[in-house]
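Just below is one structure, and these are the notes that go with it.
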Amino acid sequence: MDNFEIVVTTLFGLEALAAREIRRLGYETSLVEDGRVCFRGDWQAVCRANLWIRTGERVLIKVGEFSAVTFDELFEKTKKIDWSNWVGKNDAFPVKGYSLKSTLASVRDCQSIIKKAIANGLSEAYGTTWHEESGIKYQIQFSIFKDKVTLMLDTSGEGLHKRGYRQISNIAPLKETLAAALVELSHWKYEYPLCDPFCGSGTIPIEAAMIKRNIAPGIMRSFAAEKFSQIADSIWGQARDEAKSLKRDVPLEIYSYDIDSVTVEIAKANAQKAGVGEFVKPQTGDARNIHFDMPYGTIICNPPYGERIGEIKECEKLYKEIGVSFKKLDKWSYYIITSNENFEKIFGKTANKKRKLYNGMIKCNLYQFFGERPPKK
Numbered sequence: 094m095d096n097f098e099i100v101v102t103t104l105f106g107l108e109a110l111a112a113r114e115i116r117r118l119g120y121e122t123s124l125v126e127d128g129r130v131c132f133r134g135d136w137q138a139v140c141r142a143n144l145w146i147r148t149g150e151r152v153l154i155k156v157g158e159f160s161a162v163t164f165d166e167l168f169e170k171t172k173k174i175d176w177s178n179w180v181g182k183n184d185a186f187p188v189k190g191y192s193l194k195s196t197l198a199s200v201r202d203c204q205s206i207i208k209k210a211i212a213n214g215l216s217e218a219y220g221t222t223w224h225e226e227s228g229i230k231y232q233i234q235f236s237i238f239k240d241k242v243t244l245m246l247d248t249s250g251e252g253l254h255k256r257g258y259r260q261i262s263n264i265a266p267l268k269e270t271l272a273a274a275l276v277e278l279s280h281w282k283y284e285y286p287l288c289d290p291f292c293g294s295g296t297i298p299i300e301a302a303m304i305k306r307n308i309a310p311g312i313m314r315s316f317a318a319e320k321f322s323q324i325a326d327s328i329w330g331q332a333r334d335e336a337k338s339l340k341r342d343v344p345l346e347i348y349s350y351d352i353d354s355v356t357v358e359i360a361k362a363n364a365q366k367a368g369v370g371e372f373v374k375p376q377t378g379d380a381r382n383i384h385f386d387m388p389y390g391t392i393i394c395n396p397p398y399g400e401r402i403g404e405i406k407e408c409e410k411l412y413k414e415i416g417v418s419f420k421k422l423d424k425w426s427y428y429i430i431t432s433n434e435n436f437e438k439i440f441g442k443t444a445n446k447k448r449k450l451y452n453g454m455i456k457c458n459l460y461q462f463f464g465e466r467p468p469k470k
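Numbered per the working numbering, the sequence shown spans residues 94 to 470.
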């Protein structure tokens, strides 16, 4: 099977960014909807998407799609798919997924029935009575939404946010995929400085450096599909060689600070592992006291939100203080993500634009304050 539908799942609010990345790779998107982007491609497309997608969560292959409102219907339609095209005689095929707004509401029952249907189909295809599951692992993923069942193969393994550079993180790390999205949404130009005054484990500045130097986000890690029998090692080799050859050599001016010196050391180690330690050099510093002589630049940050009443009050005090500090950088642009609905009022400035995003399960807004357009260099 040389051409099939590929699904890239995303955090809510990042679908358009993932679609843009797919088109940059040379593929036409066929569907962009909540939490997913679809396009058609081959095994090479699977390799390239895993290596290059920064703002997506997983790369999946759509194996089948149908409507089902009874367990019998779910079983028969799942079994009807020719699973021998995907899963070998002794290969493992664990099943997981979810069901939302559907008649078949029990995820556990759906999981069991899909597993049994695939096993029966494979037994008939291979003429066996028992599927050993001792070979390659093909993770089956299902989604049931409004009675529409989608069956997919997970080619990524660990989520795409697992880049491989962040072995250690601070208490509340920002997901790499979301950090990359913040950089993309800022339209930061590398000719001017970038600052993250709440850098934590360094995710935003590291992702920014990787974007501008065109370092493939998946270049340091492995993927589930590297073991798939359908993909020759040469295809993965070509995709990785292409990724290495497209790295750009551009100068960068990135500043990152955190008030905690231990966290700063973690960020330094992560930047070195990501291959951008030359450009991302975190320092101990207080966001309330940042100062730059450069007239133009961009701030992207994820300040603390607070979870309990006392913490929220402390965070709001911090927002007010950084509002005063950032105001001195009157020509700079700021991009600040927080869950606090009153942020603009506390910060002391109305955002030019707001965008709803999710940091994990926390509903946030990205507050975008546009500075003066810098002159072209």
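Just so it is clear, CB atoms sit at the ideal spot from N, CA and C, and this is done for glycine as well.
Computed from a predicted structure; not experimentally measured.
Residue burial classification, K173 (beta-carbon count within 10 angstroms, cutoff 16): exposed
Per-residue DSSP class, three states only, for S157: The sequence shown places Gly at residue 157, not Ser. DSSP places G157 in strand when its eight states are reduced to three.
Three-pair Cβ contact test at 8 Å for the region 390-398 versus the region 289-302: yes
6 Å CB neighbourhood of A364 in its chain, flanking five on each side removed: G295, I299, G370 and V373
Separation of S349 from A360, as counted between CA atoms: 9 Å
CB contact flag (G128, I99, <8 Å): no
Cβ pair I144, A332 closer than 8 Å: Residue identity check: residue 144 is Leu in the sequence provided, not Ile. For L144 and A332, yes; Cβs fall inside 8 Å.
Segment contact, 8 Å Cβ cut-off, at least three pairs: the region 209-224 with the region 177-196: yes
Own chain, CB closer than 7 Å to A274, minus 5 neighbours either side, in chain order: L107, L110 and T148
Integer Cβ distance of G220 from C203, believed to fall under 8 Å: With a Cβ gap of about 28 Å, G220 and C203 do not count as contacting.
Residue of A318, E150, G157 and T377 minimising C-alpha distance to F105: E150
DSSP beta-bridge partners of K241: S160 and F238
Boundaries of the beta strand (DSSP E) in which V357 is found, first to last residue: Element bounds for V357: not the beta strand (DSSP E) but the alpha helix (DSSP H), S354 to A367.
Cα-Cα separation, D240 to F159: 9 Å
Under 8 Å between C-beta atoms of T196 and V162: yes
Sub-8 Å separation of I347 and A302 beta-carbons: yes
E121, DSSP secondary structure in three states: coil
Other residues of its chain near A198: CB distance less than 8 Å, five sequence neighbours each side excluded: S192
Sheet register partners of R129 (DSSP bridge): T102 and E126
Residue range of the unbroken alpha helix (DSSP H) whose run includes R141: W136 to W145
Beta-bridge pairing of A185 - partner residues as DSSP gives them: K230
Cβ distance (whole Å) where A444 is taken to contact E434 below 8 Å: No, A444 and E434 are not in contact; Cβ-Cβ is about 12 Å, not under 8 Å.
Segment contact, 8 Å Cβ cut-off, at least three pairs: the region 413-431 with the region 375-388: yes
Of the listed residues E407, K442 and C408, nearest to K421 (C-alpha basis): K442
Coil, strand or helix - F316 by DSSP: coil
Status (buried if at least 16 other CB within 10 Å, exposed otherwise) for S249: buried
Exposure label - P290; buried when at least 16 CB within 10 Å: buried
Cut-off 6 Å between Cβ atoms - residues of its own chain near C82, not counting five sequence neighbours on either side: Residue coverage of the chain in this structure runs from 94 to 470, which leaves residue 82 outside it and unanswerable.
Exposed unless 16 or more other CB atoms sit within 10 angstroms - verdict on S322: exposed
Close-in-space but distant-in-sequence residues of the same chain around A325 (CB under 7 Å, 5 per side omitted): none
Backbone secondary structure at G416 - three-state DSSP: helix
C-beta atoms of Y412 and I439 nearer than 8 Å: yes
For Q461, three-class secondary structure by DSSP: strand
Cα-Cα separation, I304 to K340: 10 Å
A142 beta carbon less than 8 Å from that of V101: yes
For T431, the three-state DSSP class (helix, strand or coil): strand
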